[in-house]
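Residue numbers (my numbering), protein chains in the order written: chain X, 16 to 128; chain F, 224 to 338.
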């Protein structure tokens, strides 16, 4: 079985500061990993995904994530936060049967002016 | 806009009642997934359909059922509703549902409130 742990349910950064959202996974097979963003009252939007190609994955809106097998991590970063980045971010791992996604608990990102 | 549509957007009902949530996948997608998002359980996978057939089951209660129709739209039926069923229900779709690299595209969700 696979699982995802997101460290920090709330993260607060200043506008222009580095964003770092942490995700650790557990999987018995090579994982496929995803980051989704959820804006208030909206569905989930894919930011980026790791599918065993390059370990550094670039996504939309300036976000990127690095897959580190030795650390079982897939942390999400952005060099400079914008106010519009305030949202909830979910890390997810894809399982073996039926491609269901297993989500972490989510991290709410707050951006201070 | 992901291309996945869900109706209704909001649903308010009473305990013991039955409701049906509807989802239309993106054009060309064969697989549909249902997820429940609640404050205490987070985002949980319920069930997946692929081209009309059930493919995977997650933490779906026996009071809940789903189906995918020949036109590929899907319905999630929730019966004997309890207060704890209040949640946001998401539908997602993907092209095949059998490839690990498939991206799941999520709809805007249906917010169910059970009073």
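We put the CB at the ideal spot given by N, CA and C, even for glycine.
Outcome for residue i when other beta-carbon atoms lying within 10 angstroms are tallied against a minimum of 16
i                      : result
residue 115 of chain X : buried
residue 44 of chain X  : exposed
residue 264 of chain F : exposed
residue 270 of chain F : buried
residue 94 of chain X  : exposed
Residue i CB to nearest heavy atom of the ligand NAP below 7 Å
i                      : result
residue 270 of chain F : With respect to the ligand NAP, the structure offers nothing, as it holds no ligand at all.
Beta carbon of residue i nearer than 8 Å to that of residue j
i                      : j                      : result
residue 243 of chain F : residue 282 of chain F : no
residue 304 of chain F : residue 228 of chain F : no
residue 126 of chain X : residue 46 of chain X  : no
residue 308 of chain F : residue 335 of chain F : yes
residue 30 of chain X  : residue 102 of chain X : no
residue 81 of chain X  : residue 71 of chain X  : yes
residue 62 of chain X  : residue 52 of chain X  : yes
residue 333 of chain F : residue 231 of chain F : yes
residue 310 of chain F : residue 260 of chain F : yes
residue 317 of chain F : residue 247 of chain F : no
residue 119 of chain X : residue 21 of chain X  : yes
Top-ranked residue by Cα proximity to residue i, from the options
i                      : options                       : result
residue 250 of chain F : F/305, F/306, F/257 and F/295 : F/295
residue 106 of chain X : X/90, X/97 and X/94           : X/90
residue 79 of chain X  : X/40, X/68, X/64 and X/85     : X/64
residue 322 of chain F : X/67, X/33 and X/52           : X/67
residue 123 of chain X : X/94, X/18 and X/25           : X/25
residue 277 of chain F : F/290, F/285, F/268 and F/284 : F/290
residue 225 of chain F : F/331, F/338 and F/337        : F/331
residue 252 of chain F : F/273, F/284, F/259 and F/258 : F/273
residue 12 of chain X  : X/60, X/84 and X/83           : Because residue 12 of chain X is not part of the residues shown, which for chain X are 16 to 128, the question remains open.
residue 32 of chain X  : X/120, X/119 and X/92         : X/92
Residues bridged to residue i [DSSP beta-bridge criterion]
i                      : result
residue 339 of chain F : Missing from the structure shown is residue 339 of chain F; chain F here goes from 224 to 338 and no further.
residue 125 of chain X : X/27
Which of the residues in the segment 274-293 of chain F, read from start to end, lie with their CB under 7 Å from any CB of chain X? Within the segment 274-293 of chain F, the residues whose Cβ lies closer than 7 Å to some Cβ of chain X are 278, 279 and 281, listed in chain order.
Taking beta-carbon pairs under 9 Å, can you tell me which members of the segment 48-67 of chain X lie near chain F? Result list: 49, 51, 53, 56, 57, 58, 59, 60, 61, 64, 66 and 67.
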